[in-house]
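Colleague: Right, I'll just put the structure down here and ask away after.
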Amino acid sequence: MVKNKLKHSILLLISLAVLGCSTTDTAKNDSVTKTHYLLTTGDTEVHKGLLPNETPVFVEWHYSNGDRKKQKGFTGWDFDRDGRFEMVDVLAEDSGVETTIFDFDGDGKIDQKTKTQPIEK
Ligand SMILES: [Ca+2]
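Right, dumping it as structure tokens:
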């Protein structure tokens, strides 16, 4: 059971990575390209009461010139505190929420995706 939960969490992270890759291309110039990236999770913040657990997910980009850039790319929300994310915020370069994705059936696949709309003033 724990192994299946881990597998589903990894599937969701892979889905996140694909989503993140398509939205955060910030290569400095044409001769320097991104070669690969690593995803790591930070410490989970356990909130009191009914609030879900909150875990930052970091993306470390590796470039062809050897440079690396690490940034918070996602925030995972674990509503039932089983270690799997039911909701993930995909963050933009300015750390604002760009998209929110949901996996409420626990299969590690995205069930719904909601694009964040800017607030009109
Ligand atoms: Ca969960």
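Quick note on my numbering: the sequence shown kicks off at 9 and runs consecutively. For each residue, glycine too, the CB sits at the ideal point set by N, CA and C.
1) Quick check: the Cα distance between G114 and L59, rounded to an integer number of angstroms?
2) E68 by DSSP, collapsed to three states: which one?
3) Taking 6 Å as the limit, tell me which residues put their C-beta closer than that to any heavy atom of ligand 1, in chain order.
4) Check whether the segment 45-60 touches the segment 73-89, taking contact to mean three or more Cβ pairs, one atom from each stretch, closer than 8 Å.
5) Going by the CB atoms, is the gap between N61 and D86 shorter than 8 Å?
Modeller: This is what the structure gives:
1) 19 Å
2) strand
3) D86, F87, D88, D90, R92, E94
4) Segments in contact, yes.
5) N61 sits close to D86, with the two beta carbons spaced by under 8 Å.
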